[in-house]
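Data first, discussion second: the structure below is written as structure tokens.
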Amino acid sequence: MKSQNENTIVFEEDFYNSSITELLEKLEKLKASSKSKILLDFSRTINFDTLSVAIFLHFEKDNGITLILSDTIKKEIAEFKKNIAFDEKRNDEISGIDSLVIKVEDFVSQMKSFIILTADVFHYSFRALFNREGRKEGSVYQQMLLMGNNAVPIIFLLSFLIGLILSLQSAAQLRQFGANIYLVDLIVIGMILEMGPIIAAVIVAGRSGSAIAAEISTMKITEELDALQVMALNPLKYVVAPKMLAMTVCLPMLTIIANMVGIFGGFIVGVLYLGLSPDIFINRAVSVMTLYYWYQSMLKSVLFSWLIVLIGAHFGFNVKGGAEGVGKAATSSVVAAIFAVIITDAFLSLIFYFEF
Amino acid sequence: MTTENIIEIKNLVTKFDDRVILDDISLEIERGEIFVILGSSGGGKTTLLKHIIGLLKPFSGEISVLGQDILKMELEDFEGILKKIGVLFQGGALLNSMAVWENVAMSLEHHTKLPAATIRNIVKQKLSLVNLKHAYWLFPSELSGGMKKRVALARAIAMDPEILFFDEPSAGLDPITAADLDDLILELQKKLGITLVVVTHELESIKRIADRILYLQKGKNIFCGTLDEAKALGNEEIDRFFGWNKKTKNN
Ligand SMILES: Nc1ncnc2c1ncn2[C@@H]1O[C@H](COP(=O)(O)OP(=O)(O)O)[C@@H](O)[C@H]1O
Ligand SMILES: [Mg+2]
Chain A
180 MKSQNENTIV FEEDFYNSSI TELLEKLEKL KASSKSKILL DFSRTINFDT
230 LSVAIFLHFE KDNGITLILS DTIKKEIAEF KKNIAFDEKR NDEISGIDSL
280 VIKVEDFVSQ MKSFIILTAD VFHYSFRALF NREGRKEGSV YQQMLLMGNN
330 AVPIIFLLSF LIGLILSLQS AAQLRQFGAN IYLVDLIVIG MILEMGPIIA
380 AVIVAGRSGS AIAAEISTMK ITEELDALQV MALNPLKYVV APKMLAMTVC
430 LPMLTIIANM VGIFGGFIVG VLYLGLSPDI FINRAVSVMT LYYWYQSMLK
480 SVLFSWLIVL IGAHFGFNVK GGAEGVGKAA TSSVVAAIFA VIITDAFLSL
530 IFYFEF
Chain B
37 MTTENIIEIK NLVTKFDDRV ILDDISLEIE RGEIFVILGS SGGGKTTLLK
87 HIIGLLKPFS GEISVLGQDI LKMELEDFEG ILKKIGVLFQ GGALLNSMAV
137 WENVAMSLEH HTKLPAATIR NIVKQKLSLV NLKHAYWLFP SELSGGMKKR
187 VALARAIAMD PEILFFDEPS AGLDPITAAD LDDLILELQK KLGITLVVVT
237 HELESIKRIA DRILYLQKGK NIFCGTLDEA KALGNEEIDR FFGWNKKTKN
287 N
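These protein sequences, in sequence, are chains A and B.
So the first sequence is numbered by my numbering: it starts at 180 and just counts up by one.
So the second sequence is numbered by my numbering: it starts at 37 and just counts up by one.
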């Protein structure tokens, strides 16, 4: 490009997109320095590309620019205009009450499909107890290793710390009343009924619930689930049932570990801080720890295990979109599973507290 | 401008572990031609393409694109070259989290200073070129395989590249769409003088569009030249590929 005088630029035969940036910068400077119209002379230009045509169109609409175009350009612009003459507005934008209605409807349909999924999963998992057909050899065992065994260290550490801290905070209060011995009741009942099942469930939801959602959603978007289905392998039977069986066994076991380790944390505080003798602590603990509490603890953790698998599977099967959808499914499944676990826990605790 | 070599490859050797994938490939691609890479599956066509666009580093050899040696280049300079080429991947490789128009607009938004309205216009123009006006707001998961390919094509040509690479563009397309795609390719080449490097198995489209072909057999360059020369060569595998023996028997 050549500037004849200040406000006129004359262009050569070629004007490709590589010159656009330079031209735009030049125009900006010109506009800043003078107020009169700028003349762009493209009358000789015959070689150009689509980006150039688009920018000619932009100049055409600019009031500060006078444009002289060659016939070839004019023809291409007409063509270009024909091509872009369609409405690109999205017409499905929804607002106000409608969007609320849609959200509610969406939630209801999600709940419906969750209930159906629950029924199906129980059906197939129960059958899978007695019939190994339609699932991979050793898949339950493998899932147990993955979801149970590998979670032991972290559950060990966290429940020990929580038992320790819970006891320490309460011990300071109990000491004021000389009620040191009740620390044992507090930590035993607190761990077995509440903290143990919850700690185990929250950690497993974070580790395995998200993994289940990610695995199933990936299988869905890569059409692996469809492939299983047309090979007459039911995805619920092949993928979900082994996880369900494994989790039903593992989470209660992890809960037992969390309970015992948490109580051990209390033991440390009782003996070292409150000066209880180990004998007294253990005797008291054994007498407080009735079988009935253990039933409650196990009942809770079995229910939690089902919730975690079912919610993970639900979000996995309902994935939308591609890679991003997988991430969303994993996150939502963890949030929903922890939410469901705590709600269920509160509900069960209330029932047991008042009924029995 | 006609005899300028836009891509030059010298003695290219590729190994994965100890397996030789490309064995001493040398070739030159001229500006403005349609260069077709052929060969049986697993012959190394995709690998060769990946070398030229810088996704893979070869074991040895030289590659120059647009007159510059891309193997001895700083990353920043190579990005300058990348802005002048477009690639259509085998599976489309659209970004799933973005709508169709955003996929097409992406490089325009990041690599040019064009006004937003102009970018929108360009996107619309490219989409109507590939016949996908109605897909403007759709997401990749809502498209069929052929539509994805066409969106990917729109994305590849968004910046008006000087070289366009296609990896099996018509695989998975119906014959009509595939023929339309060929028309489009020919039109692009004629109108914009784009150089095209195409990997394809479609005989029809090879016969229609190819200026020159390269035939790779197990990583070896067994032929490079025009179709007529290939026919005259009388190589057994190439003849089988094009069905040339059969024809002579039948006639
Ligand atoms: N990343 C990789 N690692 C190891 N081997 C590879 C890799 N990519 C391709 N190959 C091998 O290189 C050969 C050529 O592959 P490719 O270029 O994809 O063939 P095609 O001609 O079908 O496109 C094949 O044998 C393939 O197994
Ligand atoms: Mg390939």
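C-beta: ideal position from N, C-alpha, C; glycine also.
On a predicted model such as this, the values are computed, not experimentally measured, just so you know.
Nearest neighbour of residue i, chosen from the options [CA to CA]
| i | options | result |
| --- | --- | --- |
| Leu189(B) | Leu124(B), Glu112(B) and Ile155(B) | Leu124(B) |
| Lys216(A) | Leu230(A), Asp241(A) and Met398(A) | Asp241(A) |
| Val488(A) | Ala516(A), Val505(A), Arg463(A) and Ala502(A) | Ala516(A) |
| Thr427(A) | Gly243(A), Phe221(A) and Ser304(A) | Ser304(A) |
| Gly182(B) | Tyr172(B), Leu168(B) and Trp173(B) | Leu168(B) |
| Ala215(B) | Lys227(B), Leu200(B), Glu238(B) and Thr231(B) | Glu238(B) |
| Leu219(A) | Ser213(A), Thr229(A), Leu206(A) and Asn226(A) | Leu206(A) |
| Leu174(B) | Met134(B), His146(B) and Leu107(B) | Met134(B) |
| Ala194(B) | Ile89(B), Asp219(B), Phe259(B) and Asn157(B) | Asn157(B) |
| Val541(A) | Val367(A), Tyr195(A), Val287(A) and Phe518(A) | A query on residue 541(A) cannot be resolved here, the shown segment of chain A reaching from 180 to 535 and no further. |
| Lys184(B) | Ile61(B), Gly97(B) and Gln126(B) | Gln126(B) |
| Ser222(A) | Asn497(A), Glu191(A) and Ser197(A) | Glu191(A) |
| Asp228(A) | Ala171(B), Thr236(B), Lys226(B) and Arg244(B) | Lys226(B) |
Listed by chain order, chain A residues near residue i by CB distance under 9 angstroms
| i | result |
| --- | --- |
| Asp113(B) | By Cβ distance, chain A contributes nothing, its closest Cβ being about 15 angstroms from Asp113(B), past 9 angstroms. |
| Ser177(B) | Ile400, Lys499, Gly500, Gly501 and Gly504 |
| Ser206(B) | In chain order: nothing, as chain A lies at least about 22 angstroms away. |
| Leu165(B) | Thr229 and Asn262 |
Residue i (DSSP reduced to helix, strand or coil)
| i | result |
| --- | --- |
| Gly97(B) | strand |
| Asp193(A) | strand |
| Asp561(A) | There is simply no residue 561(A) to check, as chain A begins at 180 and stops at 535 in what is shown. |
| Glu44(B) | strand |
| Gln126(B) | coil |
| Gly342(A) | helix |
| Ser62(B) | strand |
| Ala390(A) | helix |
| Thr148(B) | coil |
| Ile230(B) | coil |
| Thr427(A) | helix |
| Ser187(A) | The question names Ser, but residue 187(A) in the sequence shown is Thr. Note: Thr187(A) maps to strand in three-state DSSP. |
| Gly313(A) | coil |
| Tyr172(B) | coil |
| Asp285(A) | helix |
| Arg306(A) | helix |
| Ile199(B) | strand |
| Asn287(B) | Because the pLDDT of Asn287(B) is 45, which lies under 50, any placement of that residue in the model is unreliable, and the number read from its coordinates should be weighed accordingly. Three-state result, Asn287(B): coil. |
| Lys51(B) | strand |
| Asn226(A) | strand |
Contacts of residue i in chain B (Cβ-Cβ under 7 angstroms)
| i | result |
| --- | --- |
| Phe194(A) | What Phe194(A) touches in chain B: nothing, since even the nearest Cβ is about 12 angstroms away. |
| Thr229(A) | Ile158, Gln161 and Asp196 |
Sub-8 angstroms separation of residue i and residue j beta-carbons
| i | j | result |
| --- | --- | --- |
| Met477(A) | Gly327(A) | no |
| Leu58(B) | Gly255(B) | yes |
| Ala192(B) | Gly122(B) | yes |
| Tyr417(A) | Arg306(A) | no |
| Gly375(A) | Ala420(A) | no |
| Ile73(B) | Leu250(B) | yes |
| Val448(A) | Leu347(A) | yes |
| Glu198(B) | Ile230(B) | yes |
| Lys160(B) | Ile295(A) | no |
| Ser177(B) | Gly506(A) | no |
| Leu415(A) | Val300(A) | yes |
| Gly491(A) | Ala392(A) | yes |
| Val513(A) | Gly504(A) | no |
Beta-carbon neighbours of residue i, restricted to chain B and to distances below 9 angstroms
| i | result |
| --- | --- |
| Ile199(A) | Thr148, Lys149 and Leu150 |
| His237(A) | Leu150, Pro151, Ala153, Thr154 and Asn157 |
Under 8 angstroms by beta carbon: chain A residues contacting residue i
| i | result |
| --- | --- |
| Lys184(B) | Residues of chain A passing the Cβ test: none, with the nearest at roughly 11 angstroms. |
| Leu13(B) | What the structure shows of chain B is the stretch from 37 to 287, and residue 13(B) is not part of that stretch, so it cannot be assessed. |
Contact set between residue i and chain B, taken where Cβ atoms lie within less than 8 angstroms
| i | result |
| --- | --- |
| Glu234(A) | Position check: residue 234(A) holds Ile in this sequence, whereas Glu was assumed. Residues of chain B passing the Cβ test: Leu150 and Thr154. |
| Leu209(A) | Ordered by position in chain B, no residue passes the 8 angstroms Cβ test against Leu209(A), which lies about 16 angstroms from the chain. |
Beta-carbon neighbours of residue i, restricted to chain A and to distances below 7 angstroms
| i | result |
| --- | --- |
| Tyr172(B) | Glu267 |
| Lys169(B) | Phe265 |
C-beta neighbour in chain E for residue i, strict 8 angstroms
| i | result |
| --- | --- |
| Leu203(A) | Absence of chain E from the displayed structure is noted, the protein chains being A and B. |
Residue i beta carbon near ligand 3 (any heavy atom closer than 7 angstroms)
| i | result |
| --- | --- |
| Phe52(B) | Questions concerning ligand 3 fall outside what the structure shown contains, since the ligands it does hold are ligand 1 and ligand 2. |
Subject >> Near-chain A residues of the region 139-163 of chain B (beta-carbon distance less than 9 angstroms), N- to C-terminal order >> reply: Within the region 139-163 of chain B, the residues whose Cβ lies closer than 9 angstroms to any Cβ of chain A are, in chain order, Leu144, Thr148, Lys149, Leu150, Pro151, Ala153, Thr154, Ile155, Arg156, Asn157, Ile158, Val159, Lys160, Gln161, Lys162 and Leu163.
**OP:** Scan the region 242-264 of chain A for residues whose Cβ lies nearer than 8 angstroms to a Cβ of chain B and list them as they occur along the chain.
**Re:** Phe259, Asn262 and Ile263: these are the residues of the region 242-264 of chain A whose beta carbon lies less than 8 angstroms from some beta carbon of chain B, given in chain order.
Subject >> Contacting positions in the region 237-264 of chain B - beta carbon closer than 9 angstroms to chain A >> reply: Per Cβ criterion, the list is empty.
**OP:** Quick one: which residues of the region 40-54 of chain B get their C-beta closer than 7 angstroms to a C-beta of chain A? List them in chain order.
**Re:** Listed by position along the chain: nothing, the set is empty.
Subject >> Residues of the region 122-136 of chain B with Cβ closer than 7 angstroms to any Cβ of chain A, in chain order >> reply: Answer set for the region 122-136 of chain B: Asn132 and Ser133.
Original post:
Closer than 8 angstroms, Cβ to any Cβ of chain A: which residues of the region 202-235 of chain B, in chain order?
Top reply: Going along the region 202-235 of chain B in chain order, one finds Leu228 with a Cβ nearer than 8 angstroms to chain A.
Original post:
Closer than 9 angstroms, Cβ to any Cβ of chain A: which residues of the region 89-113 of chain B, in chain order?
Top reply: Answer in chain order: no residues at all.
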